[in-house]
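K.L.:
Sequential numbering of the sequence shown, starting at 2, is according to the working numbering.
Just so you know, even glycine gets a beta-carbon here, dropped at the ideal spot from N, CA and C.
My structure is below; once you've seen it, I'll send some questions.
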Amino acid sequence: MLEKISIFPKKLSDYRDIIGEERTEEILDLASPLKDARIVHINATAYGGGVAEILQALVPLMRDVGLDAQWQVIQGSDEFFNVTKASHNGLQGMDIPLSEDMKDIWRRYNRLNAEKFEGEYDIVIVHDPQPAGLFHYCQSKGARHWIWRCHIDTSSPNQAYWAFYIPYINEYPTAIFTMKDYVAPGAKFDHLEIIPPTIDPLSPKNTPIPLEKAKTIISRFGVDINRPLLTQVSRFDPWK
């Protein structure tokens, strides 16, 4: 069994003042035909990174509008996640080798996670390259509809990595990318949707902080608040 992630509840009504009445009603109308649909999101980790942060907000909000939404995380060892970290970089264009051993490790863990996948769902949404082989190894078991959600820029991938991953990715009937430009040549799906990422305006890091409180916080770290500030709002990696 894959690890099931517990989540804190959220309510769409809490966002009404931010998105407005019209958008709130639009979301409820769109969700109505999907009431009680069983949906599971599958990704590589419950903590850290943008995908986990998205799911921490998205899954409880899907539940609030009437969907039976779940979140599960695949299992793997250091050797697997070292391969997927390299794959993340390679699929975004980094010049990094891809060995046959690396391919075998990725296949083996995707096969093992497919064997652990249990339950019957209406929709399975698989996020990013780490578990992208699940649809292939599950052989369509567990769900009527499978979707691959790509959160990275694959517009100019390292061709060795793209050639390895694309046969698995193309098996998905539906895919979602962040931008149309991120879809590399050779990607073919029955349905392709473009959905840009969003933030949760009510998460702690996106909640406005009073100016005086902000000054107090950064002063504790020896920052001279009277000098100009240059800020990078992301982690330090080659893709930020």
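Indicate whether isoleucine 75 and proline 130 have their beta-carbon atoms separated by less than 7 Å.
P.N.:
Their beta carbons are not under 7 Å apart, which means isoleucine 75 does not touch proline 130 by this criterion.
K.L.:
For histidine 128, tell me which candidate among Leu62, Pro205, Ile55 and Pro239 has the shortest Cα-Cα distance.
P.N.:
If we check each option's Cα against that of histidine 128, Ile55 comes out closest.
K.L.:
Going straight from the alpha carbon of arginine 64 to that of alanine 70, what length do you get?
P.N.:
Taking the straight line from one Cα to the other gives about 6 Å.
K.L.:
Hey, how far is the Cα of methionine 95 from the Cα of asparagine 159?
P.N.:
C-alpha separation (whole angstroms): 6 Å.
K.L.:
In the DSSP output, which residue or residues are listed as bridge partners for tryptophan 147?
P.N.:
Note: tryptophan 147 sits in a beta bridge opposite Val125.
K.L.:
Sorted by chain position, which residues of the same chain lie with C-beta nearer than 6 Å to threonine 155's C-beta, five sequence neighbours on each side aside?
P.N.:
Contacts found: Leu92, Tyr183 and Ala185.
K.L.:
Let's test the definition: count the other Cβ atoms within 10 Å of the Cβ of methionine 103 and tell me whether it reaches 16, buried, or not, exposed.
P.N.:
Methionine 103 should be labelled buried.
K.L.:
On the criterion of 16 or more Cβ atoms from any shown chain inside 10 Å, does threonine 217 qualify as buried, or is it exposed?
P.N.:
So threonine 217 counts as exposed.
K.L.:
Just reading off the beta strand (DSSP E) that aspartate 30 is part of, what are its end residues?
P.N.:
That residue, aspartate 30, is in no beta strand (DSSP E); its alpha helix (DSSP H) goes 17-32.
K.L.:
How long is the line joining the alpha carbons of alanine 45 and leucine 212, rounded to whole angstroms?
P.N.:
The alpha-carbon atoms of alanine 45 and leucine 212 are separated by roughly 37 Å.
K.L.:
According to DSSP, what are the bridge partners of histidine 192?
P.N.:
Answer is Thr175.
K.L.:
Under 7 Å Cβ to Cβ from isoleucine 219, same chain only, skipping five residues before and after it: list those, please.
P.N.:
These residues qualify, in order along the chain: Ile226.
K.L.:
Mark alanine 215 as exposed unless 16 or more other C-beta atoms lie within 10 angstroms of its C-beta, in which case mark it buried.
P.N.:
Exposed, because fewer than 16 other Cβ atoms sit within 10 Å of the Cβ of alanine 215.
K.L.:
From leucine 203 to phenylalanine 222, what distance separates their C-alpha atoms?
P.N.:
If I take the Cα positions, the gap works out to 26 Å.
K.L.:
Distance, Cα to Cα, tyrosine 110 vs glycine 77?
P.N.:
Answer to the nearest angstrom: the Cα atoms are 6 Å apart.
K.L.:
So tyrosine 166 and isoleucine 148 are in contact, right, with Cβ under 8 Å, and what is the actual spacing, rounded?
P.N.:
Going by Cβ atoms, the distance from tyrosine 166 to isoleucine 148 rounds to 16 Å, so no, they are not a contact pair.
K.L.:
Use the C-beta contact count for leucine 31: other C-beta atoms within 10 angstroms, 16 or more gives buried, fewer gives exposed.
P.N.:
The residue in question, leucine 31, is exposed, as its Cβ has fewer than 16 Cβ neighbours within 10 Å.
K.L.:
Using the three-state DSSP reduction, which class does leucine 65 fall into: helix, strand or coil?
P.N.:
Here residue 65 is aspartate; the residue named in the question, leucine, does not match the sequence. In this structure, aspartate 65 counts as helix in the three-state DSSP scheme.
K.L.:
Between aspartate 15 and glutamate 22, what straight-line distance do the alpha-carbon atoms span, to the nearest angstrom?
P.N.:
Answer to the nearest angstrom: the Cα atoms are 11 Å apart.
K.L.:
How is the alpha helix (DSSP H) around arginine 109 delimited, first residue to last?
P.N.:
Here the alpha helix (DSSP H) through arginine 109 covers 101-117.
K.L.:
Report yes if the C-beta distance between cysteine 139 and alanine 115 is below 7 Å; otherwise report no.
P.N.:
Yes, the Cβ-Cβ distance between cysteine 139 and alanine 115 is below 7 Å.
K.L.:
In chain order, what residues of the same chain have a beta carbon less than 6 Å from the beta carbon of tryptophan 107, not counting five sequence neighbours either side?
P.N.:
Closer than 6 Å at the Cβ level, and outside the excluded window around tryptophan 107, lie Val84.
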